[in-house]
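Numbering (our numbering), first residue to last: 90 to 410. Cβ atoms here follow ideal geometry from the backbone N, Cα and C, with glycine treated the same way. Model, not experiment: these values are computed from the prediction.
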């Protein structure tokens, strides 16, 4: 694989401190958060999640939840797939080991796009080229190891292409990736629909497929599943608490996430921002996160970015279970 433009992330997503045991108010009801403050500070793990964190704070406050920056507080950190991938690339401990998973929040659907004048009229045509000549089908998107690159890795694997031969050039932003695509330096690109919507609307690029399980309203393109690639993918973000939260404290935080993500105001905010609300919490989210860690690690190995001989365990395995 050609490794170009790799950006190490080094995101500290779970540097959280637990507060003291107090009694707080949750939606007008008394909550005994044993071993945990009754107030929460919701913070982004990095700038890319600042808008989601800000929306979560506002919606939680509007619903009467004790979200405050006044000590003592318990930090709820908003993080996501890029941080998970960065941890794998840097051989760090997973979110299952360094934080308390609370809830999945939002996802951004990705698209596979080609220039308007591309010889690939359909995804099938593009896929056939990728399988036959993965090293001569230049691809582009965000930084190596991030969601755009992961999606191309999953597509290549799903099609049966040699993933280690995939020729991918990563860029720090969608504008640079668009310039490379439209300048003839790449045959196809991936990125969030939000990032590519303007170019799509101007007719500069065509969408060959969307990464969601179903088609997207207003986008004339099939899903990857329809194209025979068993991939349902989104650039997701989630809420995690500090490591070692008490059962009571975790229950309070999950309830906050559940009530907020189930509210009309949250759904309206997601529509306005172009996010897809994909709520999942508690044990179900923890199980899903474990599978996502496994999938991310596998595709990074397929792309030649991780040592295939690495036997480092994650999640319950790392804890000796």
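| Item | Value |
| --- | --- |
| DSSP three-state assignment for residue 364, whether helix, strand or coil | coil |
| Opening and closing residue of the alpha helix (DSSP H) in which residue 349 lies | 336-350 |
| Chain C within 8 Å of residue 395, Cβ atoms only | Included in the structure is just one protein chain, with no chain C present. |
| Assumed close pair residue 216, residue 248 - CB separation to whole angstroms, cut-off 8 Å | 5 Å |
| Rounded straight-line distance, which links the Cα of residue 251 to that of residue 245 | 7 Å |
| Neighbour-count burial assignment, residue 321, 16 or more Cβ in a 10 Å radius | exposed |
| Where residue 261 falls, given that 16 or more other Cβ within 10 Å makes a residue buried | exposed |
| Reference residue 41, options 386, 316, 264 and 281, closest by Cα | Since the displayed the chain opens at 90 and closes at 410, residue 41 lies outside it and no answer follows. |
| Sequence-distant residues of the same chain with beta carbon closer than 8 Å to residue 223, five excluded per side | 245, 250, 251, 252, 254, 255 and 256 |
| The region 355-373 contacting the region 140-147, beta-carbon criterion three pairs below 8 Å | yes |
| Segment contact, 8 Å Cβ cut-off, at least three pairs: the region 184-192 with the region 270-285 | no |
| Integer-rounded CB distance, given that residue 296 should sit under 8 Å from residue 312 | Rounded, the Cβ-Cβ distance is 11 Å, inconsistent with contact. |
| Contact belief for residue 242 with residue 392 at Cβ below 8 Å, rounded distance in angstroms | 5 Å |
| Exposure of residue 376, with buried meaning 16 or more beta-carbon neighbours within 10 Å | exposed |
| 7 Å CB neighbourhood of residue 385 in its chain, flanking five on each side removed | 173, 174, 177 and 239 |
| Exposed unless 16 or more other CB atoms sit within 10 angstroms - verdict on residue 235 | buried |
| The region 195-212 in contact with the region 322-329 per 3-pair CB rule at 8 Å | yes |
| Beta-ladder partner(s) of residue 325, from DSSP | 196 |
| 8 Å Cβ shell around residue 149 - same chain, five flanking residues per side excluded | 129, 131, 156, 345 and 349 |
| Reference residue 374, options 194, 133 and 288, closest by Cα | 194 |
| Run of the alpha helix (DSSP H) containing residue 242, from where it starts to where it stops | 236-248 |
| CA nearest to the CA of residue 319, picked from 182, 301, 133 and 152 | 301 |
| Beta carbon of residue 259 nearer than 8 Å to that of residue 232 | yes |
| Given residue 229 as reference, the closest of 267, 218, 205 and 184 once Cα atoms are compared | 267 |
| Beta carbon of residue 140 nearer than 8 Å to that of residue 309 | no |
| C-beta atoms of residue 294 and residue 203 nearer than 8 Å | yes |
| For residue 73, the residue or residues it bridges with in DSSP | The first residue shown for the chain is 90 and the last is 410, placing residue 73 beyond what the model contains. |
| Cβ separation of residue 168 and residue 136, assumed to be a contact under 8 Å, to the nearest whole Å | About 12 Å; that fails the 8 Å criterion. |
| Bridge partner(s) assigned by DSSP for residue 131 | 165 |
| Spatial distance of residue 317 from residue 213 (CA atoms) | 9 Å |
| CB of residue 165 within 8 Å of CB of residue 277, strictly | no |
| Residue 237 versus 220, 263 and 219, residue with shortest Cα-Cα distance | 263 |
| Beta-carbon proximity list for residue 209, same chain, < 6 Å, skipping 5 on both sides | 203 and 215 |
| Identity of the residue in 283, 205, 153 and 221 nearest residue 360 by Cα | 283 |
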